[in-house]
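Worksheet for the structure shown next.
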Amino acid sequence: MTYEKELEVALLAVQRASILTKTVYSSHSKGTLSKSDSSPVTIGDFGAQALIIASIKHAFPEDEVVGEEDADDLRKNEDERKLVWDLVQAAKLDDSSAEDKIGGPIKSVDDMLTALDSGRSNGGRQGRIWALDPIDGTKGFLRGGQYAVCLALMVDGVPTVGVIGCPNLPIDDQAPLDSSIGADADDKEGKGVLFGAVKGEGATSRPLSKGALQQSKKISMKAVPDVRQATFCESVEAGHSSHGDNAAIASKLGITKSSVRMDSQAKYASIARGAGDIYLRLPVSKSYEEKIWDHAAGVVLVQEAGGEVTDAWGKPLDFGIGRTLKENKGVVAAPKDVFPQVIEVVKEVLGVKQ
Ligand SMILES: Nc1ncnc2c1ncn2[C@@H]1O[C@H](COP(=O)(O)OS(=O)(=O)O)[C@@H](OP(=O)(O)O)[C@H]1O
Ligand SMILES: [Mg+2]
Ligand SMILES: [Mg+2]
Ligand SMILES: [Mg+2]
């Protein structure tokens, strides 16, 4: 298998970081700060990014990382720094040989800050660059909804390895989506899934809590013989994706089931394993540029499970331009068979708005 070591390291790194995020998820104090764009960041986001970059740098020291967070806030804020350091020290895999593969514990506060700060790559079309979202769906994480720990390796601008940890999704790949999945989520018994995919090699899921990577099962998108029966997913936040446009598209397709709203790339993961069918993310603002770390891992997963992903105009997502998908607007993902039908209607709805 190609990229075997990359996949193994990414799975272990995301698994370890998820142990940290789960600790924060169940704690009352999440150390929430507001970033310059007014979006939230927590001790979970900082800790998970530090752990994952330390893992990557141990296994692949030459690789670059485009990570959502940086260490600026922690360098200024001693209390927050201490909280993150305690979390980072406590998060360990059960299996010591697995821990060794990702470099073991981070040795000092300075090393933690250096790791956290090593996600500043500008991205680009050449070489090996990892896209990292340590907590995708931070608002969901804070609200008690879905969130995901997302990591992808891009090779020459193409997402090639994708790993997503979803601590609050049911382990059962076939568990149907309903509206409760995105609200009142928890990570109790029967929850927690780790998804992985390598370009050309297919996609898998396995329980997040179990050490053995061998437990993985192949996943694939569900066949959709009649698009009117499809289930579609969308963001919880109306500011991230236009609920009105998504509903208009669904209605034109003859879909009668209401949308399943959930935060994070759990949407990509859910359609990749056939729990849902279609992901619609129609742009709200003309100026917002989607970030590569919000999509890279999910795109590999969906493509390898038999799906197609483009922007709302049917253009392929271009991950090779930098930290954002600035040449694209919105995202549409669906099984290959129904994709042409879906994108046609998406273009119609967008066309009317021009
Ligand atoms: N204006 C706007 N438009 C589109 N997308 C935006 C916008 N602002 C933020 N973001 C990014 O959305 C990421 C989470 O969105 P999701 O759709 O996955 O979840 S939800 O909107 O919270 O339901 C979220 O990821 P995290 O910051 O990792 O949580 C943001 O990167
Ligand atoms: Mg995100
Ligand atoms: Mg994030
Ligand atoms: Mg964020």
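So for the sequence shown, numbering that gives the first Met the number 0 puts the first residue at 0; every next one is plus one.
We put the beta carbon where it would ideally sit given N, CA and C, even for glycine.
Only counting the same chain, and skipping five residues up and downstream in sequence, which positions put a Cβ closer than 7 Å to that of residue i?
i, result
"Met220", "Ile270, Ala271, Gly273, Ala304, Gly305, Gly306 and Pro334"
"Lys314", "Asn327"
"Gly201", "Lys217 and Glu303"
"Phe45", "Glu68, Leu73, Val83 and Leu115"
"Ser263", "Asp135, Gly136, Gly139, Gln145, Tyr146 and Ala147"
"Lys21", "Pro166 and Asp186"
"Ile248", "Leu279, Val344, Val345 and Val348"
Quick one: what's got a C-beta closer than 8 Å to residue i's C-beta in the same chain, skipping five residues either side?
i, result
"Asp69", "Leu115, Asp116, Gly118 and Arg119"
"Ser240", "Glu233, Ser234, Leu279, Arg280, Leu281, Pro282, Val283 and Gly329"
"Lys216", "Asp172, Thr203, Ser204 and Arg205"
"Arg127", "Phe59, Glu61, Asp62, Glu63, Leu152, Met153 and Val154"
"Thr255", "Arg227"
"Trp84", "Val108 and Met111"
"Ile105", "Ala49, Leu50, Ala53, Val87, Gln88, Met111 and Ala114"
Please classify residue i: does DSSP put it in a helix, a strand, or coil?
i, result
"Asp172", "coil"
"Arg205", "strand"
"Ala333", "strand"
"Leu86", "helix"
"Ser59", "According to the sequence provided, residue 59 is Phe. The question's Ser does not apply to it. Three-state DSSP puts Phe59 in coil, outside helix and strand."
"Ala196", "strand"
"Ile254", "coil"
"Leu152", "strand"
"Arg80", "helix"
"Leu279", "strand"
"Ser179", "helix"
"Glu236", "coil"
"Ala147", "strand"
"Leu32", "strand"
"Lys75", "helix"
"Val23", "helix"
"Thr358", "What is shown of the chain runs 0 to 353, which leaves residue 358 out entirely."
"Arg272", "coil"
"Thr230", "coil"
"Val223", "coil"
Considering only the alpha carbon of each residue, which of the options lies closest to residue i?
i, options, result
"Thr230", "Lys346, Thr137, Leu168 and Leu252", "Leu252"
"Ile42", "Gly191, Asp110 and Thr137", "Thr137"
"Lys325", "Ser286, Gln302 and Glu347", "Ser286"
"Gly161", "Gln340, Arg80, Leu6 and Glu343", "Leu6"
"Leu141", "Val341, Val259, Pro175 and Thr31", "Thr31"
"Ser35", "Thr1, Val13, Gly66 and Asp71", "Asp71"
"Glu188", "Leu207, Ala182, Ala49 and Thr159", "Leu207"
"Asp310", "Ile342, Leu150, Val337 and Ile320", "Ile342"
"Ile291", "Gly321, Ala174 and Asp93", "Gly321"
"Asp223", "Val87, Val337, Glu79 and Ala12", "The sequence shown places Val at residue 223, rather than the Asp named in the question. Selected option, being the one with the closest Cα: Val337."
"Leu300", "Pro339, Ala130 and Phe194", "Phe194"
"Ala9", "Asp317, Ser37, Ile101 and Lys81", "Ile101"
"Ile163", "Gly156, Gly319, Ala16 and Trp312", "Ala16"
"Ser38", "Lys198, Glu236, Asp177 and Gln214", "Glu236"
"Ala295", "Trp129, Val259, Asp177 and Val344", "Trp129"
"Pro175", "Val331, Val345, Ser258 and Phe318", "Ser258"
"Asn24", "His242, Asp183 and Phe318", "The sequence shown places Tyr at residue 24, rather than the Asn named in the question. For Tyr24, the nearest C-alpha among the options comes from Asp183."
"Trp312", "Ser179, Glu98, Gly319 and Val345", "Val345"
"Ile98", "Leu168, Leu11 and Ile180", "Ile is not the amino acid found at residue 98; the sequence shown has Glu there. Answer by Cα proximity: Leu11."
"Lys190", "Gly181, Ile180, Pro169 and Ser179", "Pro169"
"Cys149", "Gln14, Glu77, Ala332 and Gly181", "Gln14"
"Gly66", "His57, Thr323, Asp93 and Gly181", "Thr323"
For residue i, does the count of other Cβ atoms within 10 angstroms reach 16, so buried, or fall short, so exposed?
i, result
"His27", "exposed"
"Val308", "buried"
"Arg74", "exposed"
"Met261", "buried"
"Asn245", "buried"
"Asp132", "buried"
"Asn121", "exposed"
"Asp293", "buried"
"Gln48", "buried"
"Glu79", "buried"
"Val351", "exposed"
"Glu289", "buried"
"Asp276", "buried"
"Lys4", "exposed"
"Gly199", "exposed"
"Gln214", "exposed"
"Pro158", "buried"
"Gly243", "exposed"
"Gly238", "exposed"
Go through its chain and collect everything with a Cβ distance to residue i's Cβ below 6 Å, but skip five positions before and after it.
i, result
"Val18", "Reading the sequence as shown, one finds Ile at residue 18 and not Val. Same-chain partners within the cutoff: Ala90."
"Cys165", "Ala147, Val192, Ala265 and Ala268"
"Ala197", "In the sequence under discussion, the amino acid at residue 197 is Val, which differs from the Ala named in the question. For Val197, where only same-chain residues beyond five positions count, the Cβ hits under 6 Å are Tyr2, Leu6 and Val160."
"Gly156", "Arg124, Phe318 and Gly319"
Shorter than 8 Å from the beta carbon of residue i to some beta carbon of chain B?
i, result
"Gly118", "Looking at the structure shown, chain B is missing, and only one protein chain is on hand."
Extract the residue ranges of the beta strand (DSSP E) inside the region 94-135, only unbroken runs of 3 or more that lie entirely within it. Correct list: 127-135.
What alpha helix (DSSP H) runs, 4 residues minimum, are completely inside the region 287-347? Unbroken alpha helix (DSSP H) stretches of 4 residues or longer found wholly inside the region 287-347: 295-303, given in chain order.
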